[in-house]
Each structure stands twice: as structure tokens, then as C-alpha cells.
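Here is the structure we will look at.
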Amino acid sequence: MKKILFLIVFGLVSSFTAEAREIPDSLWNEANAFYAGEQYQDALDRYLEIENSGVESADLYYNIGNTYFKMRYMAYAVLYYEKALRLSPNDPDIAYNLEIAREQCIDRIEPVPTFFVADWIRESHQIMSSDKWAVLSVGILLLAILFFMLFLFARGVRFRKAAFILSLVIFLFALTTTVFAWQAKNQATRKDIAIVLAAVSPVKAAPDIQGKDLLVIHEGTRVRVLEEMGSWARIELEDGRQGWVALNEIVFVY
Amino acid sequence: MKRIILLIWTVLSLVQANAQGQFTVEVPNVVATGERFRLVFTATNLEPESFNPPEMENFMVLAGPTTSTMNRMEYINGRRTQSRSVSYTYILEAVTTGKFTIGEASVVSDKVTYRTQSVTIEVIQGTSSQGGAVRQQDPVAGAEISDQDVFLRLDVSKRRVVKGEPLTATLKLYTRVNVSGAEDIRFPTFNGFWSQEVYAPQQIDWQRENVNGEIYQVATLRRYVLLPQQAGSIKIDPSEIVCVIQVRNTRRGQSLLDEFFDSYQTVRKRVIAPAVTVNVSELPAGAPGTFKGAVGKFAISAGLGKDSVKAHDAVSVYVTITGEGNINLLEAPRVTLPPDFEVYDAKITDNSRNTGGTFSGSKTFEYPVIPRSHGDFTIDPVEFSYYDIENKQYKTIRSEPLKLKVERSTDLAAPGGTYTPENRRRAVESLSRDIRYIKTASPSWRSTGKYLTGSVLYFVILFMIFAVTGVVYVVMNKRREHMNDVIRVRNSKANKIARTRLKAAGVLLKQKLFEAYYEELHRALWGYIADKLGLSQAECSRERISELLRKRNVETETISNFTDIIDSCEYARYAPDPGQLEKERIFDMAVKAISNMEQALK
Numbered sequence: 096m097k098k099i100l101f102l103i104v105f106g107l108v109s110s111f112t113a114e115a116r117e118i119p120d121s122l123w124n125e126a127n128a129f130y131a132g133e134q135y136q137d138a139l140d141r142y143l144e145i146e147n148s149g150v151e152s153a154d155l156y157y158n159i160g161n162t163y164f165k166m167r168y169m170a171y172a173v174l175y176y177e178k179a180l181r182l183s184p185n186d187p188d189i190a191y192n193l194e195i196a197r198e199q200c201i202d203r204i205e206p207v208p209t210f211f212v213a214d215w216i217r218e219s220h221q222i223m224s225s226d227k228w229a230v231l232s233v234g235i236l237l238l239a240i241l242f243f244m245l246f247l248f249a250r251g252v253r254f255r256k257a258a259f260i261l262s263l264v265i266f267l268f269a270l271t272t273t274v275f276a277w278q279a280k281n282q283a284t285r286k287d288i289a290i291v292l293a294a295v296s297p298v299k300a301a302p303d304i305q306g307k308d309l310l311v312i313h314e315g316t317r318v319r320v321l322e323e324m325g326s327w328a329r330i331e332l333e334d335g336r337q338g339w340v341a342l343n344e345i346v347f348v349y
Numbered sequence: 003m004k005r006i007i008l009l010i011w012t013v014l015s016l017v018q019a020n021a022q023g024q025f026t027v028e029v030p031n032v033v034a035t036g037e038r039f040r041l042v043f044t045a046t047n048l049e050p051e052s053f054n055p056p057e058m059e060n061f062m063v064l065a066g067p068t069t070s071t072m073n074r075m076e077y078i079n080g081r082r083t084q085s086r087s088v089s090y091t092y093i094l095e096a097v098t099t100g101k102f103t104i105g106e107a108s109v110v111s112d113k114v115t116y117r118t119q120s121v122t123i124e125v126i127q128g129t130s131s132q133g134g135a136v137r138q139q140d141p142v143a144g145a146e147i148s149d150q151d152v153f154l155r156l157d158v159s160k161r162r163v164v165k166g167e168p169l170t171a172t173l174k175l176y177t178r179v180n181v182s183g184a185e186d187i188r189f190p191t192f193n194g195f196w197s198q199e200v201y202a203p204q205q206i207d208w209q210r211e212n213v214n215g216e217i218y219q220v221a222t223l224r225r226y227v228l229l230p231q232q233a234g235s236i237k238i239d240p241s242e243i244v245c246v247i248q249v250r251n252t253r254r255g256q257s258l259l260d261e262f263f264d265s266y267q268t269v270r271k272r273v274i275a276p277a278v279t280v281n282v283s284e285l286p287a288g289a290p291g292t293f294k295g296a297v298g299k300f301a302i303s304a305g306l307g308k309d310s311v312k313a314h315d316a317v318s319v320y321v322t323i324t325g326e327g328n329i330n331l332l333e334a335p336r337v338t339l340p341p342d343f344e345v346y347d348a349k350i351t352d353n354s355r356n357t358g359g360t361f362s363g364s365k366t367f368e369y370p371v372i373p374r375s376h377g378d379f380t381i382d383p384v385e386f387s388y389y390d391i392e393n394k395q396y397k398t399i400r401s402e403p404l405k406l407k408v409e410r411s412t413d414l415a416a417p418g419g420t421y422t423p424e425n426r427r428r429a430v431e432s433l434s435r436d437i438r439y440i441k442t443a444s445p446s447w448r449s450t451g452k453y454l455t456g457s458v459l460y461f462v463i464l465f466m467i468f469a470v471t472g473v474v475y476v477v478m479n480k481r482r483e484h485m486n487d488v489i490r491v492r493n494s495k496a497n498k499i500a501r502t503r504l505k506a507a508g509v510l511l512k513q514k515l516f517e518a519y520y521e522e523l524h525r526a527l528w529g530y531i532a533d534k535l536g537l538s539q540a541e542c543s544r545e546r547i548s549e550l551l552r553k554r555n556v557e558t559e560t561i562s563n564f565t566d567i568i569d570s571c572e573y574a575r576y577a578p579d580p581g582q583l584e585k586e587r588i589f590d591m592a593v594k595a596i597s598n599m600e601q602a603l604k
């Protein structure tokens, strides 16, 4: 019985962490060497091979973004920095390079200012990635249970009181971190942010090729996709303007 | 042996240099058949001992060699130069057409042999049979002087060039008549070219040239080097000259004297050189970033004035570009210096010369540089790009990197001296901006799109946590209940066991087994209190019992009575026999203490 249980857990854990670690690591080092030698096309080929092998990491996306930047493909650089930021929302390097890549893009859009407290609440889960939140929440939950057990079985009235209050507080923490883990996961998997990859993309008033052009956006611009209809997507710019663009001109960040 | 030859050679060349002796040949390069012409060998500043003429089998030798000697003395700015020349003159007549070579002639002077160069003479079909000098057709007055007789021509060396490629333009006057002078010369203007006059003679030097089978006297008036500055077909505007031509008067045959002394008059004729168009093509696309319009073939070198310098002292960086092409128009190449170096505008030294229709030589750019910090620095190679005309492609050349050692400035580091506050602090400048470098440490890979949150594993972990918690709770609970049961049983049975033990002690007392009696009594008391309080034998101590009893609100007197009787039992076991009465009294007291305790712990 114990053996079977162990096998199940082990299987689950190993299926979760990438199976073939050896191949990406050698490719990774090779790609980094090519990047260092300024052979960006070769480096890019290897990075993309790693990406296509079904594994990912914030560092991988960051390096791909850097390679595209050096090859002057700014829209792709922005796309991959955004991808990296989704996996590792609190990495200052990614944010810095994304900022530089954005400066190289054509469209300059002033974001609508938002209330900072709302930002804090909305972005509080961004301190860590979803996985880290999940692990943390499990750890905190274990601690909460431990204190609760102490409350149940320990002797001494005062000690038990303290254990009870502590376990309640810790349990609240566990709950919060669990919520964050789910929020972060939703944020990371949500198909809402997209980057314009077409050099020029007209934003139409209606999902129709004959539709009136409202504005023209260029490659590298970050848009929020509000809905999809056929081969069209209703997008919103960071300054709040909306319109329809062809789905094949944008790529989702997720 | 070799050394000796070298020595002799050096000595000989010295002798030659001192004497400045020359042995030259002079002959028209084009003659007509039947024409008589002079072939002159001249030995200047030599003492010819023997003259060795060349073969002249293709020409008829009419006279010669006639030797003549000439002494010349010149005063130029108070300096006297003396020269003496001996010439050997032949009068030849050309017989057959073709190109013939007259070989080397040699003279021996001071045991040194001097040789002339071999010369080639082109012989063309003569039009007049009478052998005269050049067929200087002095046209008759009133007769039209045709465009064939005198014309001006501008020759360009290349008609198709790329922008910046040097070409030469030569303005020549051709004549068959006696031109005695020129007036009102309008030289060509070269719009769209950078031009430089490279040949502008003070005196007109007539040469002979064969133009379509006719011998013309040709004068080179000007020669220019042109560098096209713009693309397209560029027209060089016509140039003009007014020739003064001597013509013979028509009046003739009146007297023998008139026949003998011709009279001349001068006629003016305007001649125009036709416009010339040069096709200048744009340089091909794909010029490197360092290309600044250099066309030709170049090499680059760089150097430093000093290899080692003190901080804040100036040092010169020299960049020299040598080669041929539009070298005089080169712009200063960019020198990339390490940060903290100040560089000033380059001083340019142009050593280019015009040679055969192009510029060659070198151009040196001297950059004054002041290093502001000490240390060992490497100045990056200077890059220079040019368009290679021969290979029709751009080439980028770079100099060697330069190493510069900058020593600590002595102004500041005076050891032991007082520190003079100096405002050397300044803000750190950002030289350029770039993205941050890639991350090289192996990251922790994860399967794309798989998240722990919400995965099967996540739920399994949560489930297991709660399952284990449940199991632990159940187990713990059971154990606690069991423990409680044990305590309760012991509690309820404590009195009974104590009574049994007391009874046994009573029996022992009657049998006068005092040792066993005390022991039994002692055990009855301890056993009772341990059972009552749920303690194991090991946990029992006097202090712990008192503490627990006090917690359960048992009166201090009852507690002290109980512990006293235990003490008495222990004491009596080892003390001398106190007597039967005393033993019975202890027994009663024990019974009483237990019943009191029973009362108190209810």
C-alpha cells in the first residue's frame, strides 16, 4: 500500500518537473555561447528549439527577447519579454529590457492612470509566480495544521489558547496565499494581452475588412483583447481606445 | 665578394651623383617617309672618351656623326652653375613606314659607361615627295585655315568612372601650320568635379604626334586631375583658344628676291575643343558604415606619439592612410578611444602627390588626446572603408590596436604633501544604453503551460495534507482517550488498592515483620497518590505531588500531613525501633491521611 502511494506521488512530481532536463541544458549553453559570440541567428535557433521541446522558463523567454532585440526584431523582443514577465513578474532585468524594447517601437501610448491602491491590490500577487505561491501556501497550511494540532492535544490552557489563535492567523495566511496562487495562475494563463506583430495594423470600427479605419497601430504595441469574433479581435489600447484588428496580426502573450 | 661589388656600386653611384653626368637621346617620335630629321645624342657634364653609336639600319644616314661641344654658365640668384655638353648629331632619312627602334648608344667617361635609352620612331607615309623639314605647310594668305590644320582637344583618361575615382583631362593643341602664339585662352571649367591643375607649362613645348596618318605639332597646354563629386553624365564645357598663325603673302614670283625672302602676315583663328561628357556612376549600394567617399586603394596604419604618458598630459594618436585614389579628399576616420579620454580635432598632414593621373602618397591625421585616468589602455583599431575600383567592391581595413600606458599624474600624488582639495568629482556619465545581458545560469525548466496551482498534484497534495491530518487526529484522540481511561481506572481503584495494602501492612505489623510493614505502608501511600494524580512511579516526587495537589486546590495542611507521614515511614524504616505504640500510631495516621486525601480530591 505504501509503495503504491509512493509511486503515484513520485510519478506526479516527476511528470510535473520537466522530464528531459539534459537536452535543454546543453542546448541552453550552446545558445548562450552563440549569443556571446554575437551569432544571434544561431543562438535564436537553439533557444526556439528549447521552447518547442515543451519546456519554458522566464530566463529562456528573456534570452529569446534579448536575441530578437539584438536582431532588431523589436515586436518579437517585446512579445518574449512579456512572456518572461508572466512567468517571473518581479524580475527587474526583464522589466528594464522590456522598457528599452518598448522605446524602440513606433507607437507611444500614454496609459490611463489608475488609482495606486487598486494597483497594489491587483498586483500584489505579482511578487511571485503562481508555483511559488502554491508551494508557499501548502507550507503555511501545514504550519497552520501543526498549530491546530497543538491546540487540540497540548496540555496547559494558555499554551493551547496561543496555539489556537496562531493557527487561525496562519490559516488565514494560507488562504491568502492560495488565492494569490490561483490569481497568479489565472493572470499567467489568461488569453488577454497580445502584441502586434504586423508592421502596420489598421484598427477598424467593425470586425470587417471594409470597416472604417479608426487608427493605425504598429508592431510591438501591447493591446488587451476584449473578445474574439471569427478572425477578428476587439482590442483595447492602454489609453482606453478600442477597435477591431485581424487576429493574424497580433500574438497572445501566454 | 658580394660586399666588394656592393662597395664598388656605392662608389660608382657616388661618382655619378657628383658628376651629375647624363647621356640622353633626342629624336622626333613621328616622322614621314622621305623626311630628314636629326638624331642627337648629348653627353652632359661628361668627358666622353669613346662614342659607341647604335645600329640604324632602317634609316638612311645622310650625315653624321658630327660632334659639337657646348659650354654653358648660368647665374641664378648669385649661384653659378656650369655645364658642358658634347653632342653627336646624325641626319637621318626615313625610308620605309613602320615602327623602328634605335638601340642604346653608349659613351665611356672616366671608365664609366653611360647608356641612352632605346627610342622608337614611328615612320608614316609622307604626303610630299620633297624632303624638307617638317611639312610646315605655311598656308597662303587668304586661303582658309581649316579645322584640320589647327584644332584643340580635351582628352580624358576615362569616360566611365565611379564617383570619387580620379581621372585626368589633358588639353592639347594640334597644328599643322605655324602657330606663333595664342591669345584669349579660355580653359575648361569642371563643374561637378574637384579639379587640380597638375601641368601648366610656362613655355609651350611642341611634340610631334601622328594623328590619322598626319604629323601634327602638338602642345600640351594643361593637364588636370579630376575627382567626380556627383553622379550622372557630367559635361565638361568647351574650352577656347585664339591662335595666332603666320601665313605667307600671296605676292610671289615678282623677283628672285621676293622668292627668296618670303613675307608673312599673321592671322587669328579661334579654335574650340569640343565638349566632353564623362559618365559618373553612383557607388554601389551596401557601403559600410565607416565609408566616407574614399575611392582607390589604400592601407592604414596607426601609431602613438608616446607609448607611455602621464595622466592629464597630451599624447598624439597618428592615423596614416597611404595609397592611391582621392587621397587628398579623405576625411578624418573616427578614432574610438577608451572612456575618460578627451580627443580634439585632428590635424591633417597631406603628403599626397599627383602621379600619372591619380593621387598617391599618404595623409596623416594627428589626434591630440588627453587621458584623464591612469592605467593600461588599448585603443581600438581604427576602421577605414574605401571603394576598391579594381575589384569593384567596398573594403574595410583596420589598423593594429594601440597600447597606451598612462601613469599616475604626479601633480596629485605628492607623498607626504598636504592634501589640496580639488574639485575632481563629477557625475558618472552614461556612454550608451543597451539591454541587460542574457541570463546564463541553467534555469529550472518547467513544462510549458503547466502550473502547480490547480494541477492534479496540487489537489493530491492538499488531499494528502488533510488526510494525514485526519489520521493523526484520530490516532491522537484515541490515545488520549485511552490515557484518560487508564487514569480514571487508577483513580477509582486507588482507594481500594490502598486499603488492601493497609490491610496487608496490618497483618505484617501483627507478625512483627517491621521492615516489611513500613515498606508496605510506604508503598500504599505512594501508590495511592500516584494513581490519584495519574502519575507513573518515575514521575513521583515529593515536590511534584505537592505542586499538583496545590493546583487541585487541596489544602496545604492536608498535603503536608500526607507528605509528613510518607517521610515518617521512610524515616522509621531506617531508625531504631520506636516501639509498638508508635508503629500503631503511624498506621492510624496513614489511614487517616488517605481518607483525608480521598475527601479532598473528590
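Protein sequence lines correspond, in order, to chains C and G. Each residue of the first sequence is one higher than the last, beginning at 96 in the numbering used here. Each residue of the second sequence is one higher than the last, beginning at 3 in the numbering used here. Every residue, glycine too, gets a C-beta built ideally from N, C-alpha and C.
How long is the line joining the alpha carbons of G:A135 and G:K113, rounded to whole angstroms?
Residue confidence is low: G:A135 scores 41 on pLDDT, short of 50, so the model does not pin down where it sits. Its coordinate-derived value is still stated next. Looking at the backbone, the Cα of G:A135 and that of G:K113 are separated by about 38 Å.
Kindly indicate the opening and closing residues of the beta strand (DSSP E) around G:C245.
Counting along the chain, the beta strand (DSSP E) containing G:C245 begins and ends at S241 to R250.
Short CB-CB distance (under 8 Å) between C:A190 and chain G:
no
My assumption, with CB atoms under 8 Å, is that G:S296 sits in contact with G:L332. Please give the rounded CB distance.
The sequence shown places Ala at residue 296 of chain G, not Ser. The Cβ separation is near 6 Å, so the contact holds.
Quick check on C:E347 - is its C-beta less than 8 Å from some C-beta in chain G?
First, the residue type needs correcting, since residue 347 of chain C is Phe and not Glu in the sequence shown. The Cβ of C:F347 sits no closer than 8 Å to any Cβ of chain G.
Just to confirm before moving on: does the CB-CB distance between C:Y191 and C:M166 stay below 8 Å?
no
Taking the straight line between their C-alpha atoms, what separation do you get for G:Y369 and G:E344?
Straight-line Cα distance between these residues: approximately 10 Å.
Under the rule that 16 or more other beta-carbon atoms within 10 Å means buried, what is C:H220, buried or exposed?
Buried, because 16 or more other Cβ atoms sit within 10 Å of the Cβ of C:H220.
Taking G:T442 as the query, report the chain C residues whose CB atoms sit under 7 Å from its CB, ordered along the chain.
N127
On the DSSP bridge list, what partners appear for C:H313?
C:V295
Expressed to the nearest angstrom, what Euclidean distance is found between the alpha-carbon atoms of G:P203 and G:L173?
Between G:P203 and G:L173, the C-alpha separation is close to 12 Å.
Got a sec: which bits of the segment 540-555 of chain G sit with their beta carbon under 8 Å from any beta carbon on chain C, in order along the chain?
none
First through last residue of the beta strand (DSSP E) which encompasses C:D188:
From DSSP, C:D188 is part of no beta strand (DSSP E) but of the alpha helix (DSSP H) over P187 to E198.
Contact criterion: CB-CB distance below 8 Å. Does C:N158 meet it with respect to chain G?
yes
Given this structure, state the Cα-to-Cα distance separating G:G298 from G:E326, to the nearest angstrom.
6 Å
Mind pulling the chain C residues with CB within less than 8 Å of G:D433?
According to the sequence provided, residue 433 of chain G is Leu. The question's Asp does not apply to it. The premise fails here: G:L433 is roughly 15 Å from chain C at the closest Cβ pair, so nothing lies under 8 Å.
Unbroken beta strand (DSSP E) run spanning G:A34, endpoints
V32 to A34
Backbone CA spacing between G:N1 and G:R250 [nearest angstrom]:
This structure leaves residue 1 of chain G out entirely; chain G is present only between 3 and 604.
In whole angstroms, what separates the C-alpha of C:E331 from that of C:F246?
53 Å
I'd like to confirm the pairing. Which residues does DSSP put opposite G:E385 in its beta bridges?
G:R400
Taking 8 Å as the threshold (C-beta atoms), are G:A289 and G:L156 in contact?
no
Verify whether the separation of the beta carbon atoms of C:A289 and C:F242 is less than 8 Å.
no
Return the residue from the list G:A540, G:S108 and G:F300 that minimises the CA-CA distance to G:E51.
G:S108
So, at 8 Å on beta carbons, what are the nonlocal neighbours of G:W208 in its own chain, with the 5 sequence-adjacent residues on each side left out?
Q219, V220 and A221
Could you confirm whether any beta carbon from chain G is found closer than 8 Å to the beta carbon of C:N185?
Cβ-Cβ to chain G under 8 Å: no for C:N185.
Do the segment 562-578 of chain G and the segment 505-514 of chain G make contact, defined as three or more Cβ pairs closer than 8 Å?
no
Flag this pair as yes or no: are the beta carbons of G:N598 and G:N563 separated by less than 8 Å?
In contact: G:N598 and G:N563 (Cβ atoms closer than 8 Å).
What distance in whole Å lies between the Cβ atoms of G:V319 and G:P335, which are believed to be in contact at a cut-off of 8 Å?
Not quite, the Cβ-Cβ distance comes to about 11 Å (not below 8 Å), so this is no contact.
Option in G:V27, G:L406 and G:A592 with minimal Cα separation from G:H524
G:A592
Under the three-state reduction of DSSP, which class applies to G:D533: helix, strand or coil?
helix
Spatial distance of G:G36 from G:P30 (CA atoms)
14 Å
Roughly how far, in whole angstroms, is the beta-carbon of C:G338 from the beta-carbon of C:L310, given that I think they are within contact range, below 8 Å?
7 Å
Is the CB of C:Y171 under 8 Å away from at least one CB in chain G?
By this cut-off, C:Y171 is not an interface position.
Between the Cα of G:E308 and the Cα atoms of G:I187, G:L511, G:L406 and G:S411, which residue gives the shortest distance?
The sequence shown places Lys at residue 308 of chain G, rather than the Glu named in the question. When G:I187, G:L511, G:L406 and G:S411 are compared, the shortest CA-CA separation from G:K308 is found for G:L406.
Sequence ranges, beta strand (DSSP E) only - wholly within the segment 333-367 of chain G, length at least 3:
343-345, 349-352 and 355-357
Option in C:F211, C:S225 and C:N127 with minimal Cα separation from C:S183
C:S225
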